[in-house]
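If you read the sequences in order, they're chains A and B. Heads up, the first sequence is in my numbering, so the first residue is 1 and it goes up one at a time. Heads up, the second sequence is in my numbering, so the first residue is 1001 and it goes up one at a time. Note that CB positions come from ideal geometry on N, CA and C, so glycine has one too.
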Amino acid sequence: MAEFSKQLERLEAIVRRLETEEVDLDEALKLFEEGVERLRVAREQLAQAELKVKKVLEIESPS
Amino acid sequence: MGQSLDLFAAASAEGAWTVGEVTRRARAVIEAGLPPLWVRGEITGFKAWRSGHWYFSLRDKSAQLRCVMFAKQNYMQPTPVDGMQVFVFARPSVYEEKGDFQLTVMELLSTDQGGLWKLAFEKAKAALTKDGLLDPARKRRLPPFPRRIAVVTSPDGAALRDIQAVVGRRWPVAELIIVPAQVQGAKAEASVCSALNRIGRLSVDIVVVARGGGSVEDLWAFNSERVARAVAAMPMPVISAIGHETDVTLCDLVADVRAPTPSAAAEAATPDRAEVMAQCVVLGQRLARALRIASRHVVERLDRTGDRLYRRMDHRLEQSRALLTAHSARLDALSPLRVLGRGYAVARDADGKVLKRVAQLPTGKEFHLRVSDGEVHGRVQ
């Protein structure tokens, strides 16, 4: 799964581009669809309920 | 001469004490009569042996006292120097092998400049400052959405429980990596350094070094120059939460962010999931609005074309233009996806390019047709 901050950054870039540039309709549609997909993934990541906890043991340490 | 002989005769050999007997007796008398006590004096003749034991004397204007402070008592102490005024808490005794009256020191506090701690702290701080490690420009910003957060702390302390609870509540999106370390005692310094070392090789976004409050002695490992340098060398930002608000340790000073408590460190390390969720909702709304604006641009272009046509064509075209404007207004009000919902379809080729003209659709050409609820594939016959 892509990093959460990357999802959000890309989503913001898409929105800014649609807001500030004149984009062809087909390009706009493509961007919109990508934006919706990124939003879905980001919200799925946010919905993760359990914190994953891992312990690094001493023995794993190469001295 | 006769007198001497008499004296010698009076000292019966049978009644003589051995050296060991006297020293043993003296030791018993002193230990019984002088319980452990605080003594104030100036350090002189200080010597630290390889074994870790310290030997020195305490003196004032009229007398001196020999002292020993064993390694197991002094391991967390900064080293004193000759001439320093100190208080020691010590047990008076006799060291029988040498027949020395001496103090076995259990605690040593300096009266100079707020104590030995302060002295050692300032010395290490000066060394770190000289190397630029306390420069505020070195402080790094924390990543806004950390994926992996490493925690260096005691595996069974309250600090870890607090951090786990806060991160779990605010940002369970992250993974918490616990790197156990001893945070007090003789091995704390080496243990914390080794933990930091291990993290340096992991892919981690933020490191939290934490322990609950404690006395100055308890926090000593985090005032060691070695730990401070290990923190400064970390490739990722470090949040330090050592002790409490009043005691700033060297580790706190070197870290990128200092937090007053382990919970505060966990808050600093994480965004609030609810806030990020709200941010996503806003982005979704902007995305939809941006699409409507983008489609309006297309409509405006159509309008401009219509104007030119109108200027050149007869009034039949005027009717067309009126029609076009009407369509434009409707398009304006609706997003392209809604248009699809009303039965229109967008044809696109394999690359996603919209096919708008007959010339783009020769016989045999494959295309995708986007309708309101999905896509179908077709070929021109």
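- Item | Contact with chain B by Val53(A), beta-carbon distance below 8 Å | Output row for Val53(A): interface = yes.
- Query: So Val1105(B) and Val1152(B) are in contact, right, with Cβ under 8 Å, and what is the actual spacing, rounded?
  - Reply: For a cut-off of 8 Å, the C-beta gap from Val1105(B) to Val1152(B) is around 33 Å, too long to register as a contact.
- Task: On the DSSP bridge assignment, give the partners of Ala1048(B) in chain order.
- Result: Per DSSP, Trp1054(B).
- State yes or no: is the beta carbon of Glu43(A) nearer than 8 Å to at least one beta carbon in chain B? It is worth fixing the name first, because residue 43(A) is Arg in this sequence and not Glu. Chain B, which has a Cβ nearer than 8 Å to the Cβ of Arg43(A), makes this yes.
- Does DSSP put Asp1349(B) in a helix, in a strand, or in coil? Reduced to three states, the DSSP call for Asp1349(B) is coil.
- Query: Hey, out of Glu1375(B), Asn1223(B), Gln1182(B), Leu1034(B), whose CA is closest to Tyr1344(B)'s CA?
  - Reply: Selected option, being the one with the closest Cα: Glu1375(B).
- Task: With 8 Å as the threshold, decide whether the Cβ of Gly1185(B) is near any Cβ in chain A.
- Result: Between Gly1185(B) and chain A, the shortest Cβ-Cβ separation is not below 8 Å.
- My guess is that Leu1250(B) and Glu1225(B) are in contact by the Cβ rule of under 8 Å, so how many angstroms apart are they, rounded? Between Glu1225(B) and Leu1250(B) the Cβ distance is about 7 Å, and since that is below 8 Å, they are a contact.
- Query: Anyone know if the C-beta pair for Val1208(B) and Ile1149(B) falls short of 8 Å?
  - Reply: For the 8 Å CB-CB criterion, Val1208(B) and Ile1149(B) form a contact.
- Message: For Lys1161(B) and Val1281(B), what's the separation of their Cα atoms in angstroms?
- Response: It is worth fixing the name first, because residue 1161(B) is Arg in this sequence and not Lys. Take the alpha-carbon of Arg1161(B) and the one of Val1281(B): they are about 32 Å apart.
- In terms of DSSP beta bridges, what is Trp1038(B) paired with? Per DSSP, Phe1089(B).
- Task: Counting only the same chain and skipping the five closest in sequence on each side, list residues whose C-beta sits under 8 Å from that of Ala42(A).
- Result: Setting aside the 5 residues that flank it on each side, Ala42(A) is surrounded in the same chain by Phe4, Gln7, Leu8, Leu11, each with a C-beta closer than 8 Å to its C-beta; the list follows chain order.
- Opening and closing residue of the alpha helix (DSSP H) in which Thr1023(B) lies: Counting along the chain, the unbroken alpha helix (DSSP H) around Thr1023(B) starts and ends at 1019-1033.
- Item | Residues that Gln1164(B) contacts on chain A, provided the C-beta gap is smaller than 9 Å | Listed along the chain, the chain A residues whose CB falls inside 9 Å of the CB of Gln1164(B) are Leu51, Val53.
- Kindly identify the DSSP beta-bridge partner or partners of Val1068(B). Within the DSSP secondary-structure output, Val1068(B) pairs in a beta bridge with Tyr1055(B), Thr1104(B).
- Can you have a look at Ala1137(B) and say buried or exposed, based on whether 16 or more other CB atoms are within 10 angstroms of its CB? Ala1137(B) comes out exposed.
- Excluding sequence positions up to five away, which residues of its chain have a Cβ less than 8 Å from the Cβ of Val1167(B)? Here Val1167(B) has Ile1149, Ala1174, Leu1176, Ala1266, Ala1269, Thr1270 as same chain residues with Cβ atoms under 8 Å from its own Cβ, once five neighbours each way along the sequence are excluded.
- Task: Using a Cβ cut-off of 7 Å, pull out every chain A residue sitting near Leu1291(B), in sequence order please.
- Result: The answer, in chain order, is Leu18, Ala28, Phe32.
- Query: With 8 Å set as the bound, which would you pick, yes or no: does the beta-carbon of Glu3(A) sit closer than that to a beta-carbon of chain B?
  - Reply: Residue contact check for Glu3(A) against chain B: a CB pair falls below 8 Å.
- Residues in its own chain within less than 6 Å of Arg1140(B) by CB, not counting five upstream and five downstream? If we look at Arg1140(B) and ignore the five residues flanking it on each side, its Cβ neighbours are Pro1237, Asp1256.
- Message: Which same chain residues end up closer than 8 Å to Val1231(B) when comparing Cβ atoms and leaving out the 5 residues on each side of it in sequence?
- Response: Contacts found: Leu1196, Val1209, Val1238, Ser1240, Cys1251, Val1254, Ala1255.
- Taking a Cβ distance cut-off of 7 Å, strictly less, list which residues of the segment 1277-1303 of chain B are near chain A, in chain order. Listed by position along the chain: Met1277, Cys1280, Leu1283, Gly1284, Arg1286, Leu1287, Ala1290, Leu1291, Ile1293, Ala1294, Ser1295, His1297, Val1298.
- Task: Report buried or exposed for Trp1017(B), applying the criterion of at least 16 other Cβ atoms within 10 angstroms of its Cβ.
- Result: Exposed.
- With 8 Å set as the bound, which would you pick, yes or no: does the beta-carbon of Phe1145(B) sit closer than that to a beta-carbon of chain A? Interface with chain A (8 Å Cβ-Cβ cutoff): Phe1145(B) is included.
- Compute the distance between the beta-carbons of Val1081(B) and Phe1121(B), then report whether it is under 8 Å. No; because the gap between Cβ atoms is not below 8 Å, this pair is not in contact.
- Could you check where the beta strand (DSSP E) with Arg1140(B) kicks off and where it finishes? Boundaries for Arg1140(B): no beta strand (DSSP E) harbours it, and the DSSP string shows neither H nor E there.
- Leaving out the 5 sequence neighbours to the left and right, which residues in its chain are closer than 8 Å to Gly1132(B) when beta-carbon positions are compared? Sequence-distant Cβ neighbours of Gly1132(B) in its own chain, meaning closer than 8 Å and more than five residues away, are Arg1138.
- Message: Can you look up Gly1374(B) in the DSSP assignment and give me helix, strand or coil?
- Response: Looking at Gly1374(B) - three-state DSSP - the assignment turns out to be strand.
- Task: For Ala1210(B), write down the residues that DSSP places opposite it in a beta bridge.
- Result: DSSP lists Ala1241(B) as the beta-bridge partner residues of Ala1210(B).
- Verify the CB distance criterion: does Lys1353(B) have a CB-CB separation below 8 Å to chain A? Interface flag for Lys1353(B) against chain A is set, since a Cβ pair is found closer than 8 Å.
- Message: Could you tell me the alpha carbon to alpha carbon distance between Lys1353(B) and Leu39(A), rounded to whole angstroms?
- Response: Approximately 24 Å between the Cα atoms of the pair.
- Message: Taking a contact to mean a Cβ-Cβ separation below 8 Å, would you say Ala1290(B) touches Leu18(A) in this structure?
- Response: Yes. Within cutoff.
- Query: Excluding the five sequence neighbours on either side, which residues of its own chain have a C-beta within less than 7 Å of the C-beta of Ser1057(B), listed in chain order?
  - Reply: Cβ within range, chain order: Thr1044, Gly1045, Gln1064, Leu1065, Arg1066, Cys1067.
- Would a C-beta distance cut-off of 8 Å place Ala1124(B) and Asn1223(B) closer than the cut-off? Their beta carbons are under 8 Å apart, which means Ala1124(B) touches Asn1223(B) by this criterion.
- Item | CB contact check: Val1167(B) to chain A, cutoff 8 Å | Closer than 8 Å to the CB of Val1167(B) there is at least one CB belonging to chain A.
- Task: Report the rounded CA-to-CA distance for Gln1184(B) versus Arg1211(B), giving the unit in angstroms.
- Result: Rounded to whole angstroms, the separation of the alpha carbons of Arg1211(B) and Gln1184(B) is 9 Å.
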